[in-house]
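Notes to accompany the following structure.
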Amino acid sequence: MKFIKSLWFWLILIGLVLVLIVFLTTNKKQSTQQAVTSQTQPATAESAKLSDSRAQYFPLQSYRVGPYAAGGTGFFGGFIDYMKYINATGGVNGVKLVWSECETEYVVEKGVECYERLKKGLNGAPAAATNPLSVGIAYATLERSTKDKLPLITINHGRTDSTDGSVFPYVFPLQLNPYSEVSAIINYIAQQSGGLDHLKSKKLVVLYHGSPYGKETIPVIEILSKKYGFSVTNIEVPHPGNEQQSQWLKIKQINPDWVILRGWGVMNPVALKTAQKVGYPTNKVIGNIWSNSEEDAAPAGDAAKGFISITTHPSGANFPVLQEIKKYVIDQGQSDLADTKRFGTVYYNLGVVNGILNVEAVRVAQEKFGHRPLTGEEVRWGFEHLNLDNTRLKALGALGLVQPLKLSCADHEGGGAVRFQQWDGKEWKVISDWVQADRQLLRPIIEESSHKYAKEQGITPRNCAAEQ
Numbered sequence: 443m444k445f446i447k448s449l450w451f452w453l454i455l456i457g458l459v460l461v462l463i464v465f466l467t468t469n470k471k472q473s474t475q476q477a478v479t480s481q482t483q484p485a486t487a488e489s490a491k492l493s494d495s496r497a498q499y500f501p502l503q504s505y506r507v508g509p510y511a512a513g514g515t516g517f518f519g520g521f522i523d524y525m526k527y528i529n530a531t532g533g534v535n536g537v538k539l540v541w542s543e544c545e546t547e548y549v550v551e552k553g554v555e556c557y558e559r560l561k562k563g564l565n566g567a568p569a570a571a572t573n574p575l576s577v578g579i580a581y582a583t584l585e586r587s588t589k590d591k592l593p594l595i596t597i598n599h600g601r602t603d604s605t606d607g608s609v610f611p612y613v614f615p616l617q618l619n620p621y622s623e624v625s626a627i628i629n630y631i632a633q634q635s636g637g638l639d640h641l642k643s644k645k646l647v648v649l650y651h652g653s654p655y656g657k658e659t660i661p662v663i664e665i666l667s668k669k670y671g672f673s674v675t676n677i678e679v680p681h682p683g684n685e686q687q688s689q690w691l692k693i694k695q696i697n698p699d700w701v702i703l704r705g706w707g708v709m710n711p712v713a714l715k716t717a718q719k720v721g722y723p724t725n726k727v728i729g730n731i732w733s734n735s736e737e738d739a740a741p742a743g744d745a746a747k748g749f750i751s752i753t754t755h756p757s758g759a760n761f762p763v764l765q766e767i768k769k770y771v772i773d774q775g776q777s778d779l780a781d782t783k784r785f786g787t788v789y790y791n792l793g794v795v796n797g798i799l800n801v802e803a804v805r806v807a808q809e810k811f812g813h814r815p816l817t818g819e820e821v822r823w824g825f826e827h828l829n830l831d832n833t834r835l836k837a838l839g840a841l842g843l844v845q846p847l848k849l850s851c852a853d854h855e856g857g858g859a860v861r862f863q864q865w866d867g868k869e870w871k872v873i874s875d876w877v878q879a880d881r882q883l884l885r886p887i888i889e890e891s892s893h894k895y896a897k898e899q900g901i902t903p904r905n906c907a908a909e910q
């Protein structure tokens, strides 16, 4: 009997302990959730306050965690701060901008899920365009965007043949498609070598990120190799690029005249450190558009000194539009940046440039459809009629920050030029004027690819001449 009573005592005691543990765990989880909510509440409140049919909505498939967080936080920080600046100065012809974010972690499946969640707008505010800053997510949502009539903006990246708007009416690889990027780099190497005819016998290596983004330019570099007579070796670095010893030992063995680095995230500083380790000169490495930020060079320390990269958006805060953002957003304590020391850096400035292009497309479209929130289809018209000459860029305070850009039904890129910059150990220094890609050479290649896609998908290309 005493044994049974003792057993009941211990069972009850154990039960009370378990209940106490569950209570404490639940209470801690609720506290954590409340803390997270309170951290994000200001941005949420701002969007909620304006999110109605009188506002224009931008869905943001952002990534602020993971190996590519530096790019995501900088880019979306600049994009959001530009929209805050526009709102602080009256909106777009009186129409305020709103946005909300969905974390993708740069994962394709999450990017698609975020697209579906955000595409229909926010509390009555229609979606203008998506800007995922991810080749994988762009590829995965391309057909959805076309079906939903929602512009897909792939600034400086994406599917090259989407430059042909007759086949890809809702996709815009603004400023620089991947083929133009490679062509401009080859033109720069030619300048350093004494002309295109001096490229013969040159040896090049392309060290690329093992992803659709990294592999995108392999066909065009092969074409340019045959045209100009240089040899090229393409070497892959598996995602995310933490280990590159074998690749750089192979490069050292090849001993190329130049290495083109098509990296992303952690792959870039690891590449520079490993190049130094095997004895390859950093001033013969040219980084592409996603290997050109402070976060790509600074972590490599001395190994990065002399490293060259391309840019469509120089760093620095001396541009008038950046000073306006500082006045209306940064100095007011309203920046989206967790660390405002990143203000004016490469990724941040790209976000600002992206904001300018998106807002200007809305502004242009409003002149046709009215000063009101617009549908995705109407915003697409605005992008196709975007014409940013030096006069307009000066009015925007973005002369020198943004290259002159003119889009059309047939041309969804509009630019095709880059500048070259070099890391001096502390910051980037621009070392060239705008270097133009050979767009006349690239256009037939782009159209061959786009028309092949159209045939496979049963798409009848638009008659752009008739739409002018």
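In case it helps, the working numbering puts the sequence shown at residues 443 to 910. Even for Gly, the Cβ is constructed at its ideal location relative to N, Cα and C. This structure is a prediction, so every number in the text was calculated from the model and none was measured.
Taking Thr531 as reference, the option from Ile767, Phe749, Glu547 and Ala759 with the minimal CA-CA separation is Ile767. For the options Gln878, Leu792 and Gly729, the alpha carbon positioned closest to that of Leu843 is the one of Leu792. Contact check for Gln686 against Thr659 fails: the beta carbons are separated by 8 Å or more. Considering only Ser777, Gln695, Tyr527 and Asn684, the residue with the shortest C-alpha distance to Leu646 is Gln695.
DSSP places Leu641 in the coil class of the three-state scheme, outside both helix and strand. For Gly900 and Leu849, the gap between their C-alpha atoms comes out near 25 Å.
The stretch 853 to 908 is shown to contain whole alpha helix (DSSP H) runs of 4 or more residues at 881 to 899, in chain order. Between Arg881 and the set Asn565, Pro620 and Leu594, the nearest pair of CA atoms involves Pro620.
CA-to-CA, the gap between Pro574 and Gln503 works out to about 5 Å. Relative to Val534, the option among Glu889, Gly858 and Val821 whose CA is nearest is Val821. Thr515 counts as buried, since at least 16 other C-beta atoms from the protein chains shown sit within 10 angstroms of its C-beta. In the structure shown, Tyr655 falls within a helical segment according to DSSP collapsed to helix, strand and coil.
With respect to the 8 Å criterion, Glu737 and Ala512 are classified as neighbours on the basis of their beta carbons.
In summary, Pro723 is exposed, with fewer than 16 beta-carbon neighbours lying within 10 Å of its beta-carbon over all protein chains present. Within a 10 Å sphere around the beta-carbon of Gln689 sit 16 or more other beta-carbons, which makes this residue buried.
In the DSSP assignment, Thr753 is bridged to Arg861. The continuous alpha helix (DSSP H) containing Gln695 extends over residues Gln687 to Ile696. By the Cβ test, the stretch 828 to 845 is in contact with the stretch 798 to 814, since at least three Cβ pairs between them sit closer than 8 Å. The C-alpha of Asn725 lies about 37 Å from the C-alpha of Leu584. In the three-state scheme derived from DSSP, where H, G and I count as helix and E and B as strand, Ser622 is classed as helix. In this structure, the alpha-carbon of Ala759 lies about 20 Å from that of Ser733. The secondary-structure analysis by DSSP pairs Tyr650 across a beta bridge with Glu678 and Arg704. Contact check between the stretch 821 to 830 and the stretch 545 to 557: fewer than three CB pairs, one atom from each, fall below 8 Å, which does not count as touching. Relative to Ala571, the option among Lys589, Ala852, Val577 and Leu594 whose CA is nearest is Leu594. Around the beta carbon of Arg559, fewer than 16 other beta carbons sit within 10 angstroms, so the residue counts as exposed. Per DSSP, the unbroken beta strand (DSSP E) holding Pro501 starts and ends at Ala497 to Ser504. DSSP, reduced to helix, strand and coil, places Val577 within a helical segment of the structure shown.
The stretch 665 to 672 and the stretch 888 to 895 do not touch, with fewer than 3 CB-CB distances between them shorter than 8 Å. Rounded to the nearest angstrom, the gap between the Cα atoms of Lys692 and Ile528 is 50 Å. DSSP places Val540 inside the beta strand (DSSP E), whose first and last residues are Lys538 to Glu545. Taken atom to atom, the span from the alpha-carbon of Gly775 to that of Tyr790 is near 16 Å. Taking the Cα of Leu649 as reference, the smallest distance to any Cα among Ile702, Asp853, Glu543 and Ser495 is reached at Ile702. Looking only at Thr817, Arg805, Lys868 and Thr902, the smallest Cα-Cα distance to Asp744 is reached by Lys868. Cβ neighbours of Lys561 within its own chain (closer than 7 Å, five residues either side excluded): Pro501, Ala569, Asp590 and Leu592. The C-alpha of Thr754 is placed about 11 Å away from the C-alpha of Leu616. For the pair Val727 and Gly707, the Cα-to-Cα distance works out to about 17 Å.
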